[in-house]
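Heads up, our numbering is the position in the sequence shown plus 1199, with the first residue counted as 1. Note that CB positions come from ideal geometry on N, CA and C, so glycine has one too.
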Amino acid sequence: MVDEGPTYTRPRASTPEPAESLTPEQQILDQRLRDWRKGEAERLGLPQFFVLGSSALRSIVLERPRTLAQLQKINGIGLEKVEKYGPGILQVCNP
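(1) Measure from the alpha carbon of A1254 to the alpha carbon of each residue in E1239, E1241, L1232 and A1240, then state which is nearest.
(2) Can you grab the Cα-Cα spacing for the pair C1292 / P1246, in whole Å?
(3) Between which two residues does the alpha helix (DSSP H) holding P1286 run?
(4) Would the beta-carbon of L1261 fall within 7 Å of that of G1285?
(5) Evaluate K1280 with the Cβ neighbour count: other Cβ atoms within 10 Å of its Cβ, from every protein chain shown; 16 or more gives buried, anything less gives exposed.
(6) Determine the direct distance from the alpha carbon of L1256 to that of A1212, and round the result to whole angstroms.
(7) Tell me which residues share the same chain as L1289 and place their Cβ nearer than 8 Å to its Cβ, disregarding the 5 neighbours each side in the sequence.
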């Protein structure tokens, strides 16, 4: 028998699925933003995360910005994304 050294395993995260921790209203917004992101990505021929990363999408759902200035304060949303996608994102957040 050959000693191959210690075996390391990464414990599985015990956090619930992201959508489960959202209110019903936030879950609806989350899905609407995901649908919007998918449509934008397809329209531009880009991967979805180029349009909006998952963590930025989640922050938008939690903060529900009402203005471009509020949107720009969200981590992962810079001026370029605000200029390019801001009006569309706000339209989804505030129908």
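So, from the listed chains and residues:
(1) The sequence shown places Ser at residue 1254, not Ala. Minimum Cα distance to S1254 is reached at L1232.
(2) 22 Å
(3) L1278 to C1292
(4) no
(5) buried
(6) The predicted model places A1212 with a pLDDT of 45, which falls under 50 and marks its position as unreliable; any figure quoted below should be read in that light. The straight-line gap from Cα to Cα measures roughly 21 Å.
(7) P1264, R1265, T1266, L1267 and L1270
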